[in-house]
Amino acid sequence: MRDFFITWMERLLGLFVVLSVLGVLTTAYFTAISDRPQALIAAVAVVVAGAVSIILTFGFAYIALGIHANTRRTAEAAEAIARGGSAGRGAPAPQGLVPQAGAAVRRAGPPIVQGPVKPDNLRR
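The numbering of the sequence shown is full-length UniProt numbering, which starts it at 1 and goes up by one.
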């Protein structure tokens, strides 16, 4: 059911992009044929402002849909790795990504300092 809504959301976004472009072009056409002074400059401004508006609005919507799809795929891959199964596409699960119980985890970064800072107190 979730895939149904995502698929139709993508289709509706595509339809709204087409309708928005047609609306901007129609507005620019009627602006250009008006008897105002500098109507052509105003029509170009309408096209530029409309294009920026469409790109930003629907670009963010498409990014949100892409983030949703990537998050879902990442969660599925993490669950497959945790189960010890395949991480998708028939690839074997990478070994060593999930620490085993009781295994020491090496910490990256500067050494741990205990007590006053002296060269002989640095533990590696």
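All C-beta atoms, glycine included, are put in the ideal place defined by N, C-alpha and C. Since the structure is predicted, the reported quantities are computational estimates derived from the model, not experimental observations.
- Spanning the alpha carbons of Gly-50 and Val-21 requires a straight line of approximately 8 Å.
- Under the 10 Å beta carbon count, Ala-43 is surrounded by 16 or more other beta carbons and is classified as buried.
- If you look at Asp-35, you'll find it isn't in any alpha helix (DSSP H); DSSP assigns it neither H nor E.
- Between Arg-83 and Leu-65, the alpha-carbon positions lie close to 27 Å from each other.
- Contact holds between the segment 1 to 10 and the segment 62 to 81, because three or more Cβ pairs, one in each stretch, are under 8 Å apart.
- Spatial neighbours of Leu-13 in its own chain (CB-CB distance under 8 Å, excluding positions within 5 residues in sequence) are listed in chain order as Phe-58, Ala-61, Tyr-62, Leu-65.
- Within a 10 Å sphere around the beta-carbon of Val-46 sit 16 or more other beta-carbons, which makes this residue buried.
- Put simply, the backbone Cα of His-68 is about 30 Å away from that of Val-48.
- Ala-28 and Ile-41 have their C-alpha atoms spaced approximately 10 Å apart.
- In this structure, the beta-carbon distance from Thr-31 to Ala-39 falls below 8 Å.
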